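Protein chains in written order, with this note's numbering: chain A, 46 to 303; chain B, 46 to 303.
Scroll down for the structure; my scribbles are underneath it.
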DNA sequence: ACTAATTCGAACACACTTGAACAGTACCGT
DNA sequence: ACGGTACTGTTCAAGTGTGTTCGAATTAGT
């Protein structure tokens, strides 16, 4: 693999998942840590990503209303990976699915590029990129339209209208917060609208939320907890939350990261 | 094997796999490293691929990294720049405009990032990127939805439906070909559909076409020549074409690229 | 058939990339 | 505050890749 290609691939990953780890990249591409560090440095010099201790993150796009987002996404990396792996198992060849915007769904996207004949609808440009770069002619990727948020999601009436004409088997919804009272929430009002439209368009709702999301409440509610058919989270959830969720959500899946 | 054939084969491979290695090509075609390097250099000079240490990659591996896009539109660069400059003069602050996909419209986009309070609708991801990178909060950029073509345009029923709900002051349409009989044409059927929807949604149609487009006919017609309100082209047009266009199009603008 | 032009390969000096080793630094739990 | 662990950048050596220059071989033109 050419150094250039490796760097491009790293950049893809950072953009899609929000953060990468030096050790993980070194293992994946079969090169030394130092080589990865030098790649990251080259990319950072061009302003394409930000080097941090242990890896790199996006150059901080959504940090305006969400400080510490990038760093956090690195920390919850294992949880997201485990959740995504479990979610991918729900998808069968030929399915028509939707993926909301978010780092967890971006990780999931990477696990779905090998599913044959998949149709994917998403309002996330990075998620669409993941499939587009895979270049599989049997897969169809539909971007909803709309205006772009700082986190590369497409929102607004155009997006909602586009989704209204579609019908999907399953929606994988990444959320920013969940609580008993507010249900699933996000900090962006327009994004909540789009997510609600996605929920309406899909037969089944699968919510992806690592355990740190519990108790977080964004400004805008998407749907109440019980609307989910499946929820996938990790074992960092405290006992009360877990029992409450297992009573509320028809199918609660708790994965064990690592 | 002829040098020409070898170069064509190399280009195919780069396009298919995203990247090639000098050593690998030398072994495969049974020629020396130097010959391969000279091949790559020749192809790179024509803007068909990008030489990198150890081999070569596609000229723009994926989404809009600025250098890739610039290199891609190297053909008729001066003409496109002059046309774009003239087109930009038609836009006023506060306008709601549409930009089709294409290299010329991408150049135009770069000249429009400083126009205050602009609303831009486009089905081109690179064009949207240009505005997004500028990050002006007073501008609104709306991406139509749809599936992605290899040239990063969004097409299909979702795109057409999204456009149907919008009304724009002006459409800047970049075309792949134009002729008396076929009108404005593009090689992609789905893209023609989207372009037609954009034409319907806009009050005025401004066609951007450098002189080399005359006589080129793509598979799919968008609209007839006379549908344009303004056409901007360069002075490379022959006399018969120029007189024909000036009779057909209400306003024909011929720019002089330097 | 002769000459000119082009293409190719070999050799060279130089530049780049990589991995290992090391000393220093940041993070984390106690 | 402390120490252990993991991560960092620097330096160096080895391996690759690079362009230039030259001569040989092939091709094209007259």
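Virtual Cβ for every residue (Gly too), placed ideally from N, Cα, C.
The structure displayed is predicted, hence computed values, not measured ones.
For residue i, the residue or residues it bridges with in DSSP
i: residue 188(A); result: 167(A) and 191(B)
i: residue 300(A); result: 279(A)
i: residue 46(B); result: None, per the DSSP bridge assignment.
i: residue 217(B); result: 144(B) and 251(B)
i: residue 199(A); result: 193(A)
Straight-line gap, residue i to residue j (C-alpha atoms, nearest Å)
i: residue 282(B); j: residue 89(A); result: 46 Å
i: residue 142(A); j: residue 256(A); result: 24 Å
i: residue 145(B); j: residue 177(A); result: 20 Å
i: residue 61(B); j: residue 181(A); result: 12 Å
i: residue 97(A); j: residue 70(B); result: 38 Å
i: residue 162(A); j: residue 189(A); result: 19 Å
i: residue 66(A); j: residue 261(A); result: 26 Å
i: residue 83(A); j: residue 102(A); result: 15 Å
i: residue 93(B); j: residue 136(B); result: 33 Å
i: residue 238(A); j: residue 58(B); result: 44 Å
i: residue 52(B); j: residue 85(B); result: 8 Å
i: residue 184(B); j: residue 175(B); result: 12 Å
i: residue 199(B); j: residue 206(A); result: 16 Å
i: residue 264(A); j: residue 68(B); result: 56 Å
i: residue 87(B); j: residue 95(B); result: 11 Å
Start-to-end residues for the beta strand (DSSP E) that takes in residue i
i: residue 87(B); result: No beta strand (DSSP E) holds residue 87(B); the alpha helix (DSSP H) holding it covers 78-90.
i: residue 100(B); result: 100-102
i: residue 65(A); result: 64-66
i: residue 97(B); result: 95-97
i: residue 143(B); result: 141-144
Extent of the continuous alpha helix (DSSP H) run through residue i
i: residue 157(B); result: 148-157
i: residue 206(B); result: 202-209
i: residue 123(A); result: 122-133
Beta-carbon contacts of residue i that lie in its chain and below 7 Å, excluding the five residues immediately before and after
i: residue 201(B); result: 191, 192 and 235
i: residue 131(B); result: 277, 298 and 300
i: residue 241(A); result: 267 and 268
i: residue 150(B); result: 144, 169, 172, 217, 219 and 253
i: residue 305(B); result: The question about residue 305(B) has no answer, for chain B in this structure spans 46 to 303.
i: residue 286(B); result: 259
i: residue 160(B); result: 136 and 138
Contacting residues, own chain, Cβ-Cβ under 8 Å from residue i (five flanking each side not counted)
i: residue 244(A); result: 216, 218, 250, 267, 268 and 272
i: residue 214(B); result: 140, 141, 142, 247, 248 and 249
i: residue 113(A); result: The predicted model places residue 113(A) with a pLDDT of 39, which falls under 50 and marks its position as unreliable; any figure quoted below should be read in that light. Excluding residues within five positions, none has a Cβ falling inside 8 Å.
i: residue 78(B); result: 67, 68 and 71
Own chain residues within Cβ distance below 6 Å of residue i, not counting five before or after
i: residue 197(B); result: 170 and 171
i: residue 179(B); result: 158
i: residue 275(B); result: 251 and 296
i: residue 302(A); result: 123, 124, 127 and 279
i: residue 226(B); result: none
i: residue 164(B); result: 141 and 185
List in chain order: all unbroken beta strand (DSSP E) runs of 3+ residues lying wholly within the region 220-298 of chain A.
-> 222-224, 228-231, 247-253 and 275-279
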